[in-house]
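Number of protein chains: 2
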Amino acid sequence: MQTLNDHLGLYTDFYELTMAQGYYFSGKKDEQVTFDYFFRTNPYDGGYLVFAGLGEVLRLLKHFNYSDSDIEYLKKTGLHPDFVEYLRDFRFSGKIISMKEGEIVFPGEPLLRVEGNIIEAQLIETMLLNLLNFQSLVATKAFRIKHVSKAKTFVDFGLRRAHGLGGIHASRAAVIGGASATSNVFAGKAFDIPVSGTLAHSWIQSFDDELTAFRTFAEVHPQNTVLLVDTYDTLKSGVPNAIKIAKEMEAKGQKMIGIRLDSGDLAYLSKRARKQLDAAGLNYVQIFASNQLNEHVVKSLEEQEAPIDAFGIGTEMVTGKPEAALDGVYKLAECDGTPRMKISENIEKVTLPGKKEVYRYYDEEGFFFRDGILLANEDPNEAEYIYHPHHPEKFTQVSHLKREKLLQVVYDNGKLTDETPSLAKIHEYLKTRAALLPSEHKRFIKAHIYKVGISKNLYNLRCELMKKVDSKLCQTEIKPN
Amino acid sequence: MQTLNDHLGLYTDFYELTMAQGYYFSGKKDEQVTFDYFFRTNPYDGGYLVFAGLGEVLRLLKHFNYSDSDIEYLKKTGLHPDFVEYLRDFRFSGKIISMKEGEIVFPGEPLLRVEGNIIEAQLIETMLLNLLNFQSLVATKAFRIKHVSKAKTFVDFGLRRAHGLGGIHASRAAVIGGASATSNVFAGKAFDIPVSGTLAHSWIQSFDDELTAFRTFAEVHPQNTVLLVDTYDTLKSGVPNAIKIAKEMEAKGQKMIGIRLDSGDLAYLSKRARKQLDAAGLNYVQIFASNQLNEHVVKSLEEQEAPIDAFGIGTEMVTGKPEAALDGVYKLAECDGTPRMKISENIEKVTLPGKKEVYRYYDEEGFFFRDGILLANEDPNEAEYIYHPHHPEKFTQVSHLKREKLLQVVYDNGKLTDETPSLAKIHEYLKTRAALLPSEHKRFIKAHIYKVGISKNLYNLRCELMKKVDSKLCQTEIKPN
Chain A
1 MQTLNDHLGL
11 YTDFYELTMA
21 QGYYFSGKKD
31 EQVTFDYFFR
41 TNPYDGGYLV
51 FAGLGEVLRL
61 LKHFNYSDSD
71 IEYLKKTGLH
81 PDFVEYLRDF
91 RFSGKIISMK
101 EGEIVFPGEP
111 LLRVEGNIIE
121 AQLIETMLLN
131 LLNFQSLVAT
141 KAFRIKHVSK
151 AKTFVDFGLR
161 RAHGLGGIHA
171 SRAAVIGGAS
181 ATSNVFAGKA
191 FDIPVSGTLA
201 HSWIQSFDDE
211 LTAFRTFAEV
221 HPQNTVLLVD
231 TYDTLKSGVP
241 NAIKIAKEME
251 AKGQKMIGIR
261 LDSGDLAYLS
271 KRARKQLDAA
281 GLNYVQIFAS
291 NQLNEHVVKS
301 LEEQEAPIDA
311 FGIGTEMVTG
321 KPEAALDGVY
331 KLAECDGTPR
341 MKISENIEKV
351 TLPGKKEVYR
361 YYDEEGFFFR
371 DGILLANEDP
381 NEAEYIYHPH
391 HPEKFTQVSH
401 LKREKLLQVV
411 YDNGKLTDET
421 PSLAKIHEYL
431 KTRAALLPSE
441 HKRFIKAHIY
451 KVGISKNLYN
461 LRCELMKKVD
471 SKLCQTEIKP
481 N
Chain B
1 MQTLNDHLGL
11 YTDFYELTMA
21 QGYYFSGKKD
31 EQVTFDYFFR
41 TNPYDGGYLV
51 FAGLGEVLRL
61 LKHFNYSDSD
71 IEYLKKTGLH
81 PDFVEYLRDF
91 RFSGKIISMK
101 EGEIVFPGEP
111 LLRVEGNIIE
121 AQLIETMLLN
131 LLNFQSLVAT
141 KAFRIKHVSK
151 AKTFVDFGLR
161 RAHGLGGIHA
171 SRAAVIGGAS
181 ATSNVFAGKA
191 FDIPVSGTLA
201 HSWIQSFDDE
211 LTAFRTFAEV
221 HPQNTVLLVD
231 TYDTLKSGVP
241 NAIKIAKEME
251 AKGQKMIGIR
261 LDSGDLAYLS
271 KRARKQLDAA
281 GLNYVQIFAS
291 NQLNEHVVKS
301 LEEQEAPIDA
311 FGIGTEMVTG
321 KPEAALDGVY
331 KLAECDGTPR
341 MKISENIEKV
351 TLPGKKEVYR
361 YYDEEGFFFR
371 DGILLANEDP
381 NEAEYIYHPH
391 HPEKFTQVSH
401 LKREKLLQVV
411 YDNGKLTDET
421 PSLAKIHEYL
431 KTRAALLPSE
441 HKRFIKAHIY
451 KVGISKNLYN
461 LRCELMKKVD
471 SKLCQTEIKP
481 N
């Protein structure tokens, strides 16, 4: 294969091309459509999702086109040569209307809307889902870790267990969620993330003894000495040897940064190691910990007051374990001005028709209270109530509440409408937003469900479309107030 | 960021570079080392792993070097400029000794050995782990699906839920495991995999009614008509409309390939749909099924004799759910001729020192019986028994059994020693090997553990090295027979 290059038009499912060819030959190619990206279930049994990946979608969209060799390849797949030739000049010329990257979002609401001709909007589906689903999954995991590690820092160590080249996006998302650095050098360069790392067991093992291994490392890296202390025996060998080296460094006017624990019971070992270090007058030497950490282990370590200064987090974060995937989907909402929807035997899977906006309503104390989905052509001032999407007898008055429009145009006709924020800025935004989310939505066990409602007009539009298919499908239209 | 290009030297963890700089400045850079790649736990509670990813490791190894811009970047990370300049001409010049891709392998045995100078062997660690861990995880999942879907085909549909760019490696591994095609066009081109796909709900929704949507698709794609029948109501609308179109196609001398079910109870719906199709004389129209499938659902559908002809498999396969990661590691085994190992408080995590070979022993009926790990300098004819790695009182006589050496040199001094096999050939190899694995290791529930032993010499070498650290660590050396 060629490695990824500037032509990403093949970063798609074949059926997008088959459909595009169908639109091309059936006279539909200039139809203007709206697709919504949304997800159905909060990952990790949690109460929210961190929306991430937008910056990558926007960056890669500009490369979503076809090289000569791609065109040649596509002609061999059975697609019609006239259609394939049409792709030679393909560029996404539509509009992306999106939540900000780093936003706290909830199931069922459109996080991003694509407007364009039916071919371009269809072809970018797979790449968009691939980038947003994965990065949102990982950013959410990372932020859950950040939430419980509080002021302590953690570093992304996951590349070796990440999914192939997906590791680069895992690191990006980890930093959005709160990782302060990464071991992944490729991502470090690509996304301007601080890189971090000192030594593995192999360094220690390559010497005849641990003390020489430590001493040599400290000599070569006096500014960056973090010694891994569990190659032989953590408390009997690793920590005592690290203390010797710290003292030798002191004699040269240098300061060891820390030690790293990578196995065993981290609460027990960190407490013992802290005592040994402190007894030697080395209270400035920090303790780093790694080894199969996740938000639950970090939370437990914090509760046990383990004297750990920073965490290295790998596998579980970069793979979004145990979910491993976010169930985000991309559904047609409108076609040439006509609202469209998908009916389903499962009521929860019925989609919301039409072009829509999402508003966030605040409670009196300034916290997030409800999200409301309205039709884009509705005046939000006139939406007095928002309704449960499937049980309209449940509703909330919102007309008196402060509200905020969440979707903004971010890409229009081949151009970004604004500069893409840095990862650090995205994380800052996430922090300010998460601070406005009531804590009951952030707990790990049976998180309180944040309610997302729909307007009366949207409810009734959907009802009308369902009735066209089968009059029994919607029997409770909402009456005017 | 730049997308991936021909310079992959940054596809690594920063600590590999920090250590490499340490080796460089401490006079160790020409030391010759051996590292082993192995894993510790079979994924999915299964009885084996399918070894995959080797072809990608070997292909990308040739690109593991640094561009001018990489060099410039590395100088800004705090690494020493002299060391960074040394990297400018870096090429992996060592040797890779490996199992064949597609081999059936087991926990604890070296699947691949790297021999080279300590810097090159260290720097490639992360990329090697990243590629092998993930692809082996997915190939194993795919083969479990193949195992229960038997003669039926299945297609990889997973790109939208795969981990960013890792989707390309997911598709490669899926085909090794048994997928006959992929929806992933990028992977299709890169790895010469047949691509497949027809239409999504959005196609149907973009028309005023389902029948027109079906008819239009059949007109544009008469050779590739597979109609998705669940947009409105599968049995009342989707299947009847598909039957109408199939009849219209017959009148034109065309044949519809099939229908696809993508929601609801697939066993129930496939049986009903089959009856409707057959009653209309359309017994040649196939039924395809997708929607959150995995090996357990496919097995259940087969047991229920659901008349499904082919499966589309996505999320669970390409993410290796629920594991999401394989725990493969890369450990130093020898340094300038001296065997090295890592001690651990967890006896299972103690590594095997020295350069080693793996032999597979066959039972009288020609099935796989035991794997044995011997020191590379041992004459396998003289290894009469192999021993449990931690309980030497358990051993097996192997000297009378047919045996096979599993590790072969595949890369030497910048060159492949043989052509890399196609994915189809790798899958064929896997099939022949899996046929030799007794069925009790292939079942899904409490799979029988395949035993991997070590030679007396290896056991005693490890014992000797452990005693050097602490005389109590190994007290039961194996006596000569």
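One line per chain: the protein sequences are A and B, in this order.
According to the UniProt record's numbering, the residues represented by the first sequence are 1 to 481, in order.
According to the UniProt record's numbering, the residues represented by the second sequence are 1 to 481, in order.
Glycine residues also receive a C-beta, built at the ideal position from the N, C-alpha and C atoms.
**Study point:** Proximity of Leu111(B) and Ile96(B) at Cβ, strictly below 8 Å
**Key:** Counting from 1 along the second sequence, the entry for residue 111(B) is found at position 111. Counting from 1 along the second sequence, the entry for residue 96(B) is found at position 96. Cβ distance not < 8 Å, so Leu111(B) and Ile96(B) don't count as in contact.
Check your understanding: Buried or exposed: which applies to Gln397(B), given that a residue is buried once 16 or more other Cβ atoms fall within 10 Å of its Cβ?
Key -> Your numbering for residue 397(B) matches position 397 in the second sequence. Label assigned to Gln397(B): exposed.
**Study point:** Own chain partners of Glu16(A) with C-beta closer than 7 Å, once the 5 adjacent residues on each side are dropped
**Key:** If you number the first sequence from 1, residue 16(A) lands on position 16. Cβ neighbours of Glu16(A) beyond the five flanking positions: Gln122, Leu123, Glu125, Thr126.
Review point. Does Arg340(A) come within less than 8 Å of chain B when only Cβ atoms are used?
Key: As a working mapping, residue 340(A) is identified with position 340 in the first sequence. With 8 Å as the cut-off, Arg340(A) counts as an interface residue toward chain B.
Check your understanding: Given 8 Å as the limit, is there contact between the stretch 134–152 of chain A and the stretch 173–180 of chain A, that is, 3 or more CB pairs closer than that?
Key -> Touching, per the Cβ criterion.
Practice item. Confirm, please, whether the CB-CB distance from Gly166(A) to Gly166(B) is below 8 Å. Key: Mapped onto the second sequence, residue 166(B) falls at position 166. Mapped onto the first sequence, residue 166(A) falls at position 166. If you check the CB distance, Gly166(B) and Gly166(A) come in under 8 Å.
Exercise for review: Kindly give me the distance between the Cβ atoms of Lys299(A) and Val148(A), rounded to whole angstroms, as I take these residues to be in contact under 8 Å.
Suggested key: Taking the first sequence and counting its residues from 1, one reaches residue 299(A) at position 299. Taking the first sequence and counting its residues from 1, one reaches residue 148(A) at position 148. That pair is a contact at about 4 Å.
**Study point:** One or two residues paired with Leu261(A) in a DSSP bridge
**Key:** As a first step, residue 261(A) is located in the first sequence; it is residue number 261 there, counting from the start. Ala289(A).
Review point. Quick one: is Ser98(A) buried, meaning 16 or more other Cβ sit within 10 Å of its Cβ, or exposed?
Key: Residue numbering aside, residue 98(A) sits at position 98 when the first sequence is read from its first letter. Buried: at least 16 other Cβ atoms inside 10 Å.
Check your understanding: Can you list, in chain order, the residues of its chain whose CB lies under 6 Å from that of Thr153(B), leaving out five sequence neighbours each side?
Key -> As a working note, residue 153(B) is residue 153 in the second sequence. Only Ser180, Ala310 meet the Cβ criterion.
Practice item. Within 10 angstroms of the Cβ of Tyr284(A), are there 16 or more other Cβ atoms? Answer buried if so, exposed if not. Key: Here residue 284(A) refers to the residue found at position 284 when the first sequence is read from its first residue. Burial call: exposed.
Check your understanding: Are the C-beta of Thr345(B) and some C-beta of chain A separated by less than 8 Å?
Key -> Start at 1 with the first residue of the second sequence, and residue 345(B) comes out as number 345. Checking the sequence, you will find Glu at residue 345(B) rather than Thr. With 8 Å as the cut-off, Glu345(B) counts as an interface residue toward chain A.
Check your understanding: Taking Ala242(B) as the reference, which of Pro43(B), Leu227(B), Thr198(B), Tyr232(B) has the closest Cα?
Key -> Here residue 242(B) refers to the residue found at position 242 when the second sequence is read from its first residue. Closest option to Ala242(B), Cα to Cα, is Leu227(B).
Check your understanding: Do the stretch 304–319 of chain B and the stretch 16–29 of chain B meet, that is, are 3 or more Cβ pairs less than 8 Å apart?
Key -> Judged by Cβ distances under 8 Å, the stretch 304–319 of chain B makes no contact with the stretch 16–29 of chain B, as fewer than three pairs qualify.
Check your understanding: Is DSSP giving Gly453(A) helix, strand or coil here?
Key -> Within the first sequence, numbered from 1, the residue matching residue 453(A) stands at position 453. Collapsing the DSSP output to three states places Gly453(A) in a strand.
Point to revise | Where the stretch 3–20 of chain A meets chain B: residues whose CB sits under 9 Å from a CB there | key: Under the 9 Å Cβ criterion, the stretch 3–20 of chain A contributes Thr3, Leu4, Asn5, Asp6, Leu8, Gly9, Leu10, Tyr11, Thr12, Asp13, Phe14, Tyr15, Glu16, Leu17, Thr18, Met19.
**Study point:** For Tyr459(A) and Leu406(A), believed in contact at Cβ under 8 Å, the rounded distance
**Key:** For the purposes of this step, residue 406(A) is taken as the residue at position 406 of the first sequence. For the purposes of this step, residue 459(A) is taken as the residue at position 459 of the first sequence. Not a contact, Cβ separation roughly 20 Å.
Check your understanding: Out of Pro81(B), Phe191(B), Thr216(B), Thr182(B), which has the shortest C-alpha to C-alpha gap to Ile204(B)?
Key -> Position 204 of the second sequence holds residue 204(B). The shortest CA-to-CA distance from Ile204(B) to any of Pro81(B), Phe191(B), Thr216(B), Thr182(B) is the one to Thr216(B).
**Study point:** Within 9 Å of chain A by C-beta, residues of the stretch 95–129 of chain B in sequence order
**Key:** Going along the stretch 95–129 of chain B in chain order, one finds Ile118, Ala121, Gln122, Glu125, Thr126, Met127, Leu128, Leu129 with a Cβ nearer than 9 Å to chain A.
**Study point:** Nonlocal neighbours in the same chain, by C-beta distance under 6 Å from Leu74(B), ignoring five residues either side
**Key:** In the second sequence, counting from the first residue as 1, residue 74(B) sits at position 74. Taking C-beta separations shorter than 6 Å and ignoring five residues to either side along the sequence, the partners of Leu74(B) in its chain run Val84, following chain order.
Check your understanding: Below 8 Å, can you find three or more Cβ-Cβ pairs linking the stretch 256–263 of chain B to the stretch 59–77 of chain A?
Key -> Inter-segment contact for the stretch 256–263 of chain B and the stretch 59–77 of chain A is absent: fewer than three beta-carbon pairs are separated by less than 8 Å.
**Study point:** Whole-angstrom distance between Lys451(B) and Lys402(B), CA atom to CA atom
**Key:** Here residue 402(B) refers to the residue found at position 402 of the second sequence. Here residue 451(B) refers to the residue found at position 451 of the second sequence. Rounded to whole angstroms, Lys402(B) to Lys451(B) spans 16 Å at the Cα level.
Check your understanding: In whole angstroms, what separates the C-alpha of Ser171(A) from that of Ala324(B)?
Key -> By 1-based counting over the first sequence, the position of residue 171(A) is 171. By 1-based counting over the second sequence, the position of residue 324(B) is 324. Ala324(B) has its alpha-carbon roughly 16 Å from the corresponding atom of Ser171(A).
Practice item. Taking only beta-carbon positions, decide if Lys28(B) is within less than 8 Å of chain A. Key: Taking the second sequence and counting its residues from 1, one reaches residue 28(B) at position 28. By this cut-off, Lys28(B) is an interface position.
Check your understanding: Is it buried or exposed for Ala279(B), if we count other Cβ within 10 angstroms and need 16 for buried?
Key -> Translated into the one-based positions of the second sequence, residue 279(B) becomes position 279. Exposed, because fewer than 16 other Cβ atoms sit within 10 Å of the Cβ of Ala279(B).
Point to revise | Proximal residues of chain A, C-beta to C-beta of Gly258(B) below 7 Å | key: As a position in the second sequence, residue 258(B) is number 258, starting the count at 1. What Gly258(B) touches in chain A: nothing, since even the nearest Cβ is about 14 Å away.
Practice item. Could you tell me whether the Cβ of Ile168(A) comes closer than 8 Å to any Cβ of chain B? Key: On the first sequence, residue 168(A) is found 168 positions in, with the first residue counted as 1. Yes, Ile168(A) lies at the interface with chain B (some Cβ there is under 8 Å from its Cβ).
Check your understanding: How would you list, in chain order, the residues of chain B whose beta-carbon sits under 8 Å from the beta-carbon of Arg144(A)?
Key -> The residue you call residue 144(A) lines up with position 144 of the first sequence. Within 8 Å Cβ-Cβ: nothing; Arg144(A) doesn't reach chain B, min ~16 Å.
**Study point:** Near-chain B residues of the stretch 52–82 of chain A (beta-carbon distance less than 9 Å), N- to C-terminal order
**Key:** The stretch 52–82 of chain A vs chain B, Cβ under 9 Å: Gly53, Glu56, Arg59, Leu60, His63, Ser69, Asp70, Tyr73, Leu74, Thr77, Gly78, His80.
Point to revise | chain A contacts from the stretch 226–239 of chain B (Cβ-Cβ distance under 9 Å) | key: If the cut-off is 9 Å between Cβ atoms, the stretch 226–239 of chain B has Asp230, Thr231, Tyr232, Asp233, Thr234, Lys236, Ser237 near chain A.
Check your understanding: If you draw a straight line from the C-alpha of Leu436(B) to the C-alpha of Asp379(B), how long is it?
Key -> Translated into the one-based positions of the second sequence, residue 436(B) becomes position 436. Translated into the one-based positions of the second sequence, residue 379(B) becomes position 379. Cα-Cα distance, rounded: 26 Å.
Practice item. Would you kindly report the start and end of the unbroken alpha helix (DSSP H) that includes Asn117(B)? Key: Counted from its first residue, the second sequence places residue 117(B) at position 117. Segment 112–117 is the beta strand (DSSP E) holding Asn117(B); no alpha helix (DSSP H) there.
Practice item. Can you grab the Cα-Cα spacing for the pair Glu210(B) / Asn117(A), in whole Å? Key: Looking up residue 210(B) in the second sequence gives position 210. Looking up residue 117(A) in the first sequence gives position 117. Answer to the nearest angstrom: the Cα atoms are 21 Å apart.
Review point. Using a C-beta cutoff of 8 Å, does Pro389(A) count as contacting chain B?
Key: Position 389 of the first sequence, counting from 1, holds the residue named residue 389(A). For Pro389(A), the answer is no, since every Cβ of chain B falls outside 8 Å of its Cβ.
Practice item. Within the same chain, show all residues whose beta-carbon is closer than 8 Å to that of Ser206(A), passing over the 5 residues directly before and after it, in chain order. Key: Position 206 of the first sequence, counting from 1, holds the residue named residue 206(A). So the list reads Ala213, once near-sequence residues are dropped.
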